[in-house]
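Beneath this line is the structure, given in structure tokens, with notes to follow.
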Amino acid sequence: MNNLQTLVTRRAFLYTLLTMPPAMFLAACAQQVQPTAVPTHAAQPTSVPPPATPPTAIPSANPSQPTPTPVAQLEPTPACGDDDDDPTPAQTEGPYYTPGNPERTSFLEPGVTGTKMLVSGLVLNTNCEPIARALVDFWHCDDAGVYDNVGFKWRGHQFTDEQGRYHLETIQPGIYPGRTRHIHVKVQAPNKPVLTTQLYFSNEPRNANDGIYRPELEMTVTDNADNSKNGAFNFVLNV
Ligand SMILES: [Fe+2]
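For the sequence shown, numbering that gives the first Met the number 0 assigns the number 0 to the initial residue and increments by one for each residue that follows.
Printed below as a string of structure tokens:
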């Protein structure tokens, strides 16, 4: 390329720049300083987590706020007062427990004698919540105050239902020397320690003369028109 050709080419280039519209010139410069290596996905709206929803299920601590309505199909949570959410106290097992007893909710068999009784209630934790599938293992003496230490009369275990309920059809046990009327029981939440204790009868005169008796372990006993009885007691396990 000779000098004349070079001069013409440079003039043509300068002329092009001078005649270029300002916007196009600026755009060309802006394109050159764009940070092409910066990832753009982090700023995409789709990667931004959605805003948190209000915690509608958490009960309000403000007493002026309305409390959430319980789910209709659930049993209402049992009411626990100041005293009845304390753990049920343990008591001695005594000498007459027989392991390996049958699973059943009735000890009644043909030919049994005694006052029929329905013992029922709940197994709860210390938050007053029902414990499903808790083991409840009862044993007591017969109407004459004698334990069956050979077979399984007046012995058996069961598991609470999904609402933590148990019930046992049996008789009111008799009384043997040195003790007031009582029912032995073991209660165990799944995979938790066993509570061994005894239940007593309200309005039983001999309660006052039994050193093992404790009023916290009294069933509420009521009489039915057919001379049978009901005994109500809720166990509270320390879980
Ligand atoms: Fe006993």
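Cβ atoms here follow ideal geometry from the backbone N, Cα and C, with glycine treated the same way.
Fewer than three pairs of CB atoms, one per stretch, sit closer than 8 Å, so the stretch 193 to 201 makes no contact with the stretch 140 to 152. Contact annotation: L121 and R164 have beta-carbon atoms nearer than 8 Å.
Under the three-state reduction of DSSP, N208 is assigned to helix. Per DSSP, the beta bridge partners of A231 are S119, T219. With contacts defined as CB atoms closer than 8 Å, G110 and I170 fail to qualify as a contacting pair. Taking 8 Å as the cut-off, the Cβ atoms of A188 and V135 do not count as close. By the Cβ-count criterion, A133 is buried, with 16 or more other Cβ atoms from all chains shown falling within 10 Å of its own Cβ. Here DSSP, grouped into helix, strand and coil, assigns P86 to coil. Beta-bridge pairing by DSSP links P129 to L123.
R103 has its Cβ no nearer than 7 Å to any heavy atom of ligand 1.
Put simply, of H183, L123, M218 the residue whose alpha carbon is nearest the alpha carbon of G93 is H183.
Distance from the CA atom of E108 to the CA atom of L117, rounded to whole angstroms, is 14 Å. Within the chosen limit of 7 Å, ligand 1 reaches the beta carbon of R178 through at least one heavy atom.
Distances from the CB of H183 to the heavy atoms of ligand 1 include at least one below 7 Å. Ligand 1 has no heavy atom closer than 7 Å to the beta-carbon of Y199.
In terms of Cβ geometry, E203 and T179 form a close pair [threshold 8 Å].
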